[in-house]
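Everything on this sheet refers to the single structure shown next.
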DNA sequence: GCATATAGTATCCAAAATGATACTAATGGA
DNA sequence: TCCATTAGTATCATTTTGGATACTATATGC
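Pasting the structure below:
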């Protein structure tokens, strides 16, 4: 999504601005996983099997410059880098949970490859 | 943002899926404005001064196919088309409000051109 | 001496999103 | 007769995103 520097909105501007921070391809996911606690680079990579290193680095750096994520480097070999949410990032928790809840209630679950509930059918397909 | 068809996430998937629905460049804004009620095409265009017709049509159509927005065409001349939220769309209200509140509290207000509160300075700039 | 692991970079390319601009139809009013 | 209005389309160019691939450093274990 292209950034817009001058928000030409009068009313909904903060909505767009917030959406821009968390709207990268993997950012929602990353934030969501980091909500569970500090994670190393490779741990995150394992959680997102299809992400490339480039994108993982990239998205994490963007989250870092947005002040949402803290990056802690340990001078060891092999290197160790731990990522965690800042206070700022943790304050997104209600939003992330709202997104998750809405998605679970309103989107067809079948798009997700695996999930615990596969027999129960109380989920609404989009048209409903 | 590129769509991903097969959500490779096990846990945060609904977060990403929901984000995809509302993550278009103007979608957050459009949904936010439609929360206030039914709007005609040109009314929306006036609310988003920098949007092009192409993008407005485009984003509205996408919201429509996502089942979030209803498009009512009146066979008049000149044409009249009214856009409103579906139930599905209205159910996003908590999310949109959460995004707005978070943005107001955590983002530097100065990026926004105009807004009512310009004297009070209780907003935190990003670094805080 | 060599492979392994970690957390990256660098480069190039493809695809998707967005923007600019010009065009349309039908009717009412000046 | 001509212009304005509405809600679009069509076409093209540009920008932004995302993906593939190959490359790096260095201590450790074998």
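Residue numbers (the numbering used here), protein chains in the order written: chain A, 1 to 128; chain B, 1 to 128.
C-beta atoms are modelled at their ideal positions from N, C-alpha and C, and glycine is treated no differently.
By the three-class DSSP mapping on this structure, what secondary structure does residue 82(B) have?
DSSP, reduced to helix, strand and coil, places residue 82(B) within a strand of the structure shown.
Helix, strand or coil: which one does DSSP assign to residue 15(A)?
The answer is helix: DSSP assigns residue 15(A) an H, G or I state.
Please list, in chain order, the chain A residues whose beta carbon lies closer than 8 Å to that of residue 99(B).
Within 8 Å Cβ-Cβ: 14, 15, 18, 19, 95.
What are the uninterrupted segments assigned as alpha helix (DSSP H) that are 4 or more residues long and contained completely in the segment 49-102 of chain A, given in chain order?
For the segment 49-102 of chain A, whole alpha helix (DSSP H) runs of length 4 or above, ordered along the chain, are 53-65, 87-90.
Decide if residue 18(A) is buried, meaning its Cβ has at least 16 other Cβ atoms within 10 Å, or exposed.
So residue 18(A) ends up on the buried side.
At the 8 Å Cβ level, is residue 64(B) part of the contact set with chain A, yes or no?
No, its Cβ sits nowhere closer than 8 Å to a Cβ of chain A.
contact_flag[the segment 63-83 of chain B, the segment 71-87 of chain A] where n(CB pairs < 8 Å) is 3 or more
No, because fewer than three Cβ pairs between the segment 63-83 of chain B and the segment 71-87 of chain A fall closer than 8 Å, the two stretches do not touch.
Taking buried to mean at least 16 other C-beta atoms within 10 Å of its own C-beta, is residue 53(B) buried or exposed?
Its Cβ having fewer than 16 others within 10 Å, residue 53(B) is exposed.
Quick check: the Cα distance between residue 83(A) and residue 31(B), rounded to an integer number of angstroms?
Straight-line Cα distance between these residues: approximately 33 Å.
Measuring alpha carbon to alpha carbon, tell me which of 47(A), 78(A), 37(A) ends up nearest residue 178(A).
In the structure displayed, chain A extends from 1 to 128; residue 178(A) sits before or after that span and is not available.
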